[in-house]
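Each remark here refers to the structure printed beneath this line.
In my numbering, the protein residues as written are 309 to 509.
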């Protein structure tokens, strides 16, 4: 097991009500807020960080389905070998994404994905690796399912994910013992594993 390099702060440890609320909301969103708890050591940066993330991933005017963004996040985490990001799941789309994880993780197959889902995941794979290798031809493929405004949102979404992977990999972020995620995380990610939902999920 890899040891986390910097300890997170928890909502109970801060005097700032806004900061405490933001940390609680982060925990509700993903079932864990260790990454956010580390960034929250710099509250002024964290608040801006969360505002950008919220706008990019959960903006009220987004036209990209939340489960598609989660599929992108999982593929991006695999490409960047981020153990933390490969472990946690966004809770409100978890049931929608779980049946598709085997198609997305490891050798990518689009057998059970819509064309829109498949293109978004392929985009995350390409941008998550070397974005210089993205071709004009692939952009034309994207445009068969996404508007230019949506493509900009895909780019910003992947930027958020890569930022999270970089922080997590550098600080070897673990998970809290107060949730159902495994706590024995090793870095770098060796092999992503699809999560199987139990009947209680």
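Cβ coordinates follow ideal geometry from the N, Cα and C atoms, glycine included.
Residues near residue i by beta carbon distance below 6 Å, same chain, minus five either side
| i | result |
| --- | --- |
| residue 502 | 409, 410, 413 |
| residue 341 | 331, 334, 335 |
| residue 455 | none |
| residue 319 | 328, 331, 332 |
| residue 447 | none |
| residue 355 | none |
| residue 509 | Here residue 509 scores only 39 on pLDDT, less than 50, and its place in the model should not be relied on; the value that follows carries that caveat. Same-chain partners within the cutoff: there are none. |
| residue 418 | 426 |
Residue i versus the options, residue with shortest Cα-Cα distance
| i | options | result |
| --- | --- | --- |
| residue 384 | 366, 419, 435, 423 | 435 |
| residue 373 | 462, 492, 477 | 462 |
| residue 420 | 432, 433, 405, 401 | 405 |
| residue 431 | 400, 490, 316, 377 | 377 |
| residue 458 | 367, 487, 399, 407 | 367 |
| residue 453 | 415, 371, 500 | 371 |
| residue 500 | 415, 358, 464 | 415 |
| residue 487 | 467, 445, 399, 498 | 399 |
| residue 401 | 417, 418, 375, 407 | 375 |
Cβ neighbours of residue i in the same chain (closer than 7 Å, five flanking residues each side left out)
| i | result |
| --- | --- |
| residue 351 | 324, 327 |
| residue 343 | 392, 472, 475, 476, 481 |
| residue 451 | none |
| residue 349 | 317 |
| residue 357 | 347 |
| residue 506 | Because residue 506 carries a pLDDT of 39, less than 50, the predicted location of this residue cannot be relied on, and no value is offered for it. |
Any chain C beta carbon closer than 8 Å to residue i
| i | result |
| --- | --- |
| residue 363 | Note that chain C does not occur in the displayed structure, where there is just one protein chain. |
Cβ-Cβ separation, residue j to residue i (assumed contact under 8 Å), whole Å
| i | j | result |
| --- | --- | --- |
| residue 338 | residue 389 | Wrong, their Cβ atoms sit about 19 Å apart, outside the cutoff. |
| residue 483 | residue 395 | 6 Å |
| residue 346 | residue 316 | 5 Å |
| residue 322 | residue 379 | Their Cβ separation, rounded to whole angstroms, is 33 Å, which puts residue 322 and residue 379 out of contact at 8 Å. |
| residue 465 | residue 364 | 6 Å |
Contact test: residue i Cβ vs the ligand ATP heavy atom, cutoff 7 Å
| i | result |
| --- | --- |
| residue 494 | In the structure shown, the ligand ATP is absent, as is every other ligand, since no ligand is present at all. |
Close beta carbons around residue i, own chain, < 8 Å, minus the five adjacent residues each side
| i | result |
| --- | --- |
| residue 467 | 364 |
| residue 489 | 339, 340, 395, 396, 483 |
| residue 407 | 420 |
Item to check | Cβ contact check for the stretch 439-458 and the stretch 383-398: 3 or more pairs under 8 Å | outcome: In short, these stretches do not touch, since the Cβ pair count stays below three.
Next on the checklist: Closer than 8 Å is the cut-off here; do at least three beta carbon pairs connect the stretch 468-479 with the stretch 417-430?
Outcome noted: Between the stretch 468-479 and the stretch 417-430, the count of C-beta pairs closer than 8 Å stays below three; the two stretches do not touch.
Checklist entry - For the stretch 489-501 against the stretch 309-316, are there 3 or more C-beta pairs whose distance is under 8 Å? => result Taking 8 Å as the limit for Cβ pairs, the verdict is that the stretch 309-316 does touch the stretch 489-501.
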